[in-house]
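Q:
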Amino acid sequence: MIVGVPREIKPGEQRVALTPAGARALAEAGHRVVVERGAGGGSGIRDDDYAAVGAELAGVDDLWARAELVLKVKEPLEGEAPRLRAGQILFTYLHLAPAPGLTRALRASGAIAMAYETVQRADGSLPLLTPMSEVAGRLAVQEGAFYLGRARGGRGILLAGVPGVPRGNVVILGAGTAGQNAARAAVGLGADVAVLDVNPDRLRHVDDLFAGRVVTLMSNSYNVEQVVRRADLLVGAVLVAGARAPRLVPKELVAQMKEGAVIVDISVDQGGCVETIRPTTLLDPVYVVSGVVHYGVANMPALVPRTSTFALTNATLPYALELATRGAAAAARANPALARGANVWRGQVVHPAVAESLGERATPLEACLG
Ligand SMILES: NC(=O)c1ccc[n+]([C@@H]2O[C@H](COP(=O)([O-])OP(=O)(O)OC[C@H]3O[C@@H](n4cnc5c(N)ncnc54)[C@H](O)[C@@H]3O)[C@@H](O)[C@H]2O)c1
Numbered sequence: 004m005i006v007g008v009p010r011e012i013k014p015g016e017q018r019v020a021l022t023p024a025g026a027r028a029l030a031e032a033g034h035r036v037v038v039e040r041g042a043g044g045g046s047g048i049r050d051d052d053y054a055a056v057g058a059e060l061a062g063v064d065d066l067w068a069r070a071e072l073v074l075k076v077k078e079p080l081e082g083e084a085p086r087l088r089a090g091q092i093l094f095t096y097l098h099l100a101p102a103p104g105l106t107r108a109l110r111a112s113g114a115i116a117m118a119y120e121t122v123q124r125a126d127g128s129l130p131l132l133t134p135m136s137e138v139a140g141r142l143a144v145q146e147g148a149f150y151l152g153r154a155r156g157g158r159g160i161l162l163a164g165v166p167g168v169p170r171g172n173v174v175i176l177g178a179g180t181a182g183q184n185a186a187r188a189a190v191g192l193g194a195d196v197a198v199l200d201v202n203p204d205r206l207r208h209v210d211d212l213f214a215g216r217v218v219t220l221m222s223n224s225y226n227v228e229q230v231v232r233r234a235d236l237l238v239g240a241v242l243v244a245g246a247r248a249p250r251l252v253p254k255e256l257v258a259q260m261k262e263g264a265v266i267v268d269i270s271v272d273q274g275g276c277v278e279t280i281r282p283t284t285l286l287d288p289v290y291v292v293s294g295v296v297h298y299g300v301a302n303m304p305a306l307v308p309r310t311s312t313f314a315l316t317n318a319t320l321p322y323a324l325e326l327a328t329r330g331a332a333a334a335a336r337a338n339p340a341l342a343r344g345a346n347v348w349r350g351q352v353v354h355p356a357v358a359e360s361l362g363e364r365a366t367p368l369e370a371c372l373g
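4 is the number of the first residue of the sequence shown in our numbering; add one for each residue after it.
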């Protein structure tokens, strides 16, 4: 198959959907890889790095015209959607439920649109979302530590403390992927860390993982109130799949936090678990409410595109290889996790949540596979 990798054009997006290692793996499996010139620039990957593993460099028109499988990071924008053609496979983050216009455009194109975010294993896990939660979790503590600096508006606290001066206190709401990775970074920095979750198995896992270095607590309004008041850095990392994030920290509790404390609410992309959080951008990431610094960046991985590109492609490559080698229909039949990634298939909306957002019923995927 001819596999095309365009340069991302969404403002601020610096990731790329394939690394040179991935290009080599595809070539070794007998595929031809075409990469748009400059596509890896934002992630520190040069055109020469792709050429060195046998990938061909091309202009954008040529690439879209030739590619049978298009690998991307973000959803197609207005300039890209019209380039899709019938039968072409698109594999990328799509987030179609809130974007009926794009769903209609994909349907009209006749392309096969597979979404990273709906690829799902039998145990319910979302393997192509996990790496970005890992990045965001670790980054939350790095960013929080930065904004705790006095010159950044914070309390002027070093999370590690020093001999004779106590460590900073980090409270993490949610012990899932992002929360565990935040805990790892906070422990690594030498902070005093507490993690809360409603799922005792998650807390058990955290307790095992950090062998007593982290305090685990059941998440309820009483415990949340106790720990949030003494937090120097509060990290929001909760998720209820498919729903708005539960609001665990009301504005009255934010007002009781220490002056210059920092909140990094990773779950802001699902509405946030802190009442006073609102989405911000990397260009203007923080604002202050009740003396507390709020960080609400909804696309945190974009701050570290190189790490994020490698983390994302480590996870996507096996699926991309399967799509290229078997073709979309056989790959979907052989791999149920990948089949759940199918959103729009040759003019039919096959994902239930996406169809619902159009006020329609999904066409069963089996009916499309023939
Ligand atoms: N801002 C960003 O750039 C960015 C990047 C990646 C992920 N995210 C978001 O981060 C959030 C977390 O993602 P994840 O992959 O860690 O999810 P996850 O499902 O692995 O973990 C979520 C955890 O929240 C827990 N939880 C649910 N209700 C709770 C409550 N009331 N109190 C405490 N814990 C509760 C769950 O039990 C689970 O352990 C999601 O909203 C995700 O979209 C944001």
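Where is the CB? At the ideal position from N, CA and C, for every residue including glycine.
Are there 16 or more other CB atoms within 10 angstroms of the CB of proline 9, so buried, or fewer, so exposed?
A: buried
Q: Between valine 217 and valine 198, which are expected to be in contact by the criterion C-beta below 8 Å, what is the C-beta distance as a whole number of angstroms?
A: 6 Å
Q: Using the three-state DSSP reduction, which class does glutamate 59 fall into: helix, strand or coil?
A: strand
Q: Which runs of the alpha helix (DSSP H) spanning at least 4 residues fall entirely within the segment 260-340, listed in chain order?
A: Here the runs fully enclosed are 308-329, 331-337.
Q: So what's alanine 139 in DSSP terms, helix, strand or just coil?
A: Helix.
Q: Do arginine 216 and ligand 1 come close, with the Cβ less than 7 Å from some heavy atom?
A: Every heavy atom of ligand 1 is 7 Å or more from the Cβ of arginine 216, so no.
Q: Is any heavy atom in ligand 1 found nearer than 7 Å to the beta carbon of tyrosine 148?
A: Note that residue 148 is alanine in the sequence shown, not tyrosine. Not so, every heavy atom of ligand 1 lies at least 7 Å from the Cβ.
Q: Taking 7 Å as the limit between beta carbons, can you name the residues of its chain near arginine 170, skipping five residues before and five after?
A: Leu162, Ala163, Gly164, Gly193, Ala194, Asp195
Q: What residues are listed by DSSP as bridge partners for arginine 35?
A: Residue pairing by DSSP places arginine 35 opposite Ile5 in a beta bridge.
Q: How long is the line joining the alpha carbons of leucine 315 and asparagine 223, rounded to whole angstroms?
A: 34 Å
Q: Where tyrosine 150 and glycine 263 are concerned, what is the direct C-alpha to C-alpha distance, given to the nearest angstrom?
A: 9 Å
Q: Does DSSP put glycine 147 in a helix, a strand or coil?
A: Here glycine 147 sits in helix by DSSP.
Q: Taking the alpha-carbon positions, what's the aspartate 200 to aspartate 211 distance?
A: 15 Å
Q: Tell me the residue span of the beta strand (DSSP E) that contains valine 173.
A: 172-176
Q: Using 8 Å as the cut-off, can you tell me whether the segment 274-290 makes contact with the segment 109-126, which would need three or more C-beta pairs spanning the two stretches below that distance?
A: Short answer: they don't touch.
Q: If the criterion is Cβ atoms closer than 8 Å, does the pair arginine 158 and lysine 77 meet it?
A: no
Q: Residue ranges of each beta strand (DSSP E) run of no fewer than 3 residues wholly in the segment 180-237, ordered along the chain?
A: 195-200, 217-221
Q: Opposite threonine 95 in the DSSP bridges: which residues?
A: Ala118
Q: Can you find a heavy atom of ligand 1 that lies under 7 Å from the Cβ of leucine 132?
A: yes
Q: Thinking just about the alpha-carbon of each residue, which of Val243, Pro304, Arg155 is nearest to the one in glycine 179?
A: Val243
Q: Considering only DSSP beta bridges, list what glycine 239 is partnered with.
A: Leu176, Asp268
Q: By DSSP, does alanine 345 sit in helix, in strand, or in coil?
A: strand
Q: For serine 255, is the classification buried or exposed, using 16 other Cβ atoms within 10 angstroms of its Cβ as the cut-off for buried?
A: First, the amino acid is wrong: residue 255 is glutamate here, not serine. It counts as exposed.
Q: Thinking C-alpha only, which one of Ile175, Ala305, Gly191, Ala70 is nearest arginine 205?
A: That would be Ile175, whose Cα lies nearest to the Cα of arginine 205.
Q: Which of helix, strand or coil does DSSP assign to leucine 162?
A: coil
Q: Is the beta carbon of valine 241 closer than 8 Å to that of glycine 147?
A: no
Q: Ends of the beta strand (DSSP E) at leucine 74?
A: Its beta strand (DSSP E) spans residues 72-74.
Q: Going by DSSP in three states, valine 252 sits in which element: helix, strand or coil?
A: Note: valine 252 maps to strand in three-state DSSP.
Q: Residues bridged to valine 352 by DSSP?
A: Val347
Q: Measure the CB-CB distance between alanine 181 and serine 136 and report whether it falls below 8 Å.
A: yes
Q: How far does the alpha helix (DSSP H) with aspartate 126 in it extend, from its first residue to its last?
A: Unbroken run through aspartate 126: none, as it is neither H nor E.
Q: Kindly examine ligand 1 and report whether one of its heavy atoms sits closer than 7 Å to the Cβ of alanine 240.
A: yes
Q: With distance defined between alpha-carbon atoms, name the residue in Val296, Leu87, Thr219 nearest to aspartate 235.
A: Val296
Q: Is it a yes or a no for the segment 18-27 touching the segment 47-56, going by three-plus beta-carbon pairs under 8 Å?
A: yes
Q: Could you compute how far the alpha carbon of arginine 336 sits from the alpha carbon of leucine 66?
A: 28 Å
Q: Expressed to the nearest angstrom, what Euclidean distance is found between the alpha-carbon atoms of glycine 299 and proline 308?
A: 18 Å
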